[in-house]
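J.:
Protein chains: 2
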Amino acid sequence: MDGNVETATEDTACCVPVGAVDTGALAADVELLSAMGNDTRYELLRRIDGAGGEVCVCDLESAVGVSQSAVSQALSRLYTAGLVTRRKDGNWRYYGLTDEAERLLATLDAVRGDRQ
Amino acid sequence: MDGNVETATEDTACCVPVGAVDTGALAADVELLSAMGNDTRYELLRRIDGAGGEVCVCDLESAVGVSQSAVSQALSRLYTAGLVTRRKDGNWRYYGLTDEAERLLATLDAVRGDRQ
DNA sequence: CATCCATATTAACTATCTCTTATATTGTCT
DNA sequence: AGACAATATAAGAGATAGTTAATATGGATG
């Protein structure tokens, strides 16, 4: 009934035991973070963010310095991770940020502002 | 004078040009995100977070399922990325979260709550 | 329907990551 | 000083990820 939760091991000698962690949430978060933690994909996110709304692939291609195939694969991974939306309109595909992505980017901006 | 800022390429036919992006900030963010986006390292962050304060390496070792060496390397990378603090006390090293890490984890919790 | 254009997919190669084992460092205690 | 305990570092093997070139798909248009 208690699902994916482990209890910490017994405390040995030096310090306090560490708390339990929900392994399902861990995996989901890592998926998200590793999708964002790559030059090409993160730049795509920032480009879409900077455009203020949806952007078509053709413009993203010219913005980042990799092949069309690489851009397409990067966008696919971002989509799978739930970071971008995808809309087809005629020949073009438009990508936008999800709320999740917007909030994470906003936090990164805020955190960077403090630390820098 | 205008540093690490690129201007977007000219708009071709289909849509609006994408905005400029600060490449220095991009690299720093990717460093941060890729440091977090790994099972071992993210679990360490969450374990430290769950413990509420500083945790010594010995307890972290027993919590995640990799070797002592792997834990040490993971913590080093987190430290370099500015995600954890490090304090030496006798034989032990205590690791804690930085404000930056705490805020990012909090955002991830909030975002997951919404989407799930 | 033939063709073109925008994007996606596949396959193959290379580079990068992450782990493990072995060894070094640093502090403590007798 | 010598032994031991906790952590860090080095080196190398195996797994994983990112890129490109080539090909496929699907909508638009003459």
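Protein sequence lines correspond, in order, to chains A and B.
Numbering of the first sequence is given in this note's numbering, commencing with residue 1 and proceeding in unit increments.
Numbering of the second sequence is given in this note's numbering, commencing with residue 1001 and proceeding in unit increments.
Quick reminder that beta carbons are idealized off the backbone N, C-alpha and C, glycines included.
Does the distance from the C-beta atom of B:Leu1105 to that of B:Asp1049 stay below 9 Å?
T.: As a working note, residue 1105 of chain B is residue 105 in the second sequence. As a working note, residue 1049 of chain B is residue 49 in the second sequence. Taking 9 Å as the Cβ cut-off, B:Leu1105 and B:Asp1049 qualify as a contacting pair.
J.: Residues of chain A with CB under 7 Å from B:Ser1072, in chain order?
T.: Taking the first residue of the second sequence as position 1, residue 1072 of chain B is located at position 72. Going along chain A, no residue has its Cβ under 7 Å from B:Ser1072, so there is no contact; the nearest lies around 16 Å.
J.: Please go through the same chain and pick out, in chain order, the residues whose beta-carbon is closer than 7 Å to the beta-carbon of A:Glu54, but skip the five residues on each side of it.
T.: In the first sequence, counting from the first residue as 1, residue 54 of chain A sits at position 54. Cβ within range, chain order: Arg87, Tyr94, Tyr95, Gly96.
J.: Count the other CB atoms, across all protein chains shown, that sit within 10 Å of the CB of B:Ala1110; report buried if there are 16 or more and exposed otherwise.
T.: Here the question's residue 1110 of chain B lines up with position 110 in the second sequence. B:Ala1110 should be labelled exposed.
J.: How far does the beta strand (DSSP E) with B:Val1066 in it reach, from first residue to last?
T.: Stepping through the second sequence from its first residue, residue 1066 of chain B is reached at position 66. Note, B:Val1066: premise wrong, no beta strand (DSSP E); not H, not E.
J.: Measuring only the C-alpha atoms, how far is A:Glu100 from B:Glu1061?
T.: To locate residue 100 of chain A, count along the first sequence from 1; it is residue 100. To locate residue 1061 of chain B, count along the second sequence from 1; it is residue 61. C-alpha separation (whole angstroms): 32 Å.
J.: What residue does the beta strand (DSSP E) around A:Thr98 start on, and which one ends it?
T.: Locating residue 98 of chain A in the first sequence gives position 98, where the first residue counts as 1. First-last for A:Thr98: undefined, no H or E at that position.
J.: If we ignore side chains and look at the alpha-carbon of each, how far apart do B:Gly1024 and B:Gln1068 end up?
T.: Taking the first residue of the second sequence as 1, we reach residue 1024 of chain B at position 24. Taking the first residue of the second sequence as 1, we reach residue 1068 of chain B at position 68. Roughly 34 Å separates the two Cα atoms.
J.: In whole angstroms, what separates the C-alpha of B:Cys1056 from that of A:Cys58?
T.: Within the second sequence, residue 1056 of chain B is the residue found at index 56, counting from 1. Within the first sequence, residue 58 of chain A is the residue found at index 58, counting from 1. Cα to Cα, B:Cys1056 sits roughly 50 Å from A:Cys58.
J.: For A:Thr40 and B:Ala1027, I'd like the C-alpha separation in whole angstroms.
T.: By 1-based counting over the first sequence, the position of residue 40 of chain A is 40. By 1-based counting over the second sequence, the position of residue 1027 of chain B is 27. Near 10 Å, if we compare the C-alpha coordinates of B:Ala1027 and A:Thr40.
J.: Can you name the residues that DSSP bridges to B:Tyr1094?
T.: Here residue 1094 of chain B is taken as the residue at index 94 of the second sequence, counted from 1. In the DSSP output, where bridge partners are listed per residue, B:Tyr1094 has B:Cys1056, B:Arg1087.
J.: When burial is assigned at 16 or more other CB atoms within 10 Å of the CB, is B:Ala1070 buried or exposed?
T.: Residue mapping note: residue 1070 of chain B aligns to position 70 of the second sequence, counting from 1. Exposed, since its Cβ has fewer than 16 Cβ neighbours within 10 Å.
J.: Taking Cβ-Cβ distances below 7 Å as the criterion, which residues of the segment 30-41 of chain A are in contact with chain B?
T.: Of all residues in the segment 30-41 of chain A, Val30, Leu33, Ser34, Met36, Gly37, Asn38, Asp39 have a Cβ within less than 7 Å of some Cβ in chain B.
J.: Indicate whether at least one CB of chain A lies closer than 9 Å to the CB of B:Val1066.
T.: Locating residue 1066 of chain B in the second sequence gives position 66, where the first residue counts as 1. B:Val1066 does not count as touching chain A.
J.: Find the residues of chain B that neighbour A:Val111, judging by a C-beta separation of less than 7 Å, and give them in chain order.
T.: By 1-based counting over the first sequence, the position of residue 111 of chain A is 111. In chain order: Glu1100, Arg1103, Leu1104.
J.: Beta-carbon of A:Leu75 versus every beta-carbon of chain B: anything under 9 Å?
T.: In the first sequence, residue 75 of chain A corresponds to position 75, counting from 1. A:Leu75 does not count as touching chain B.
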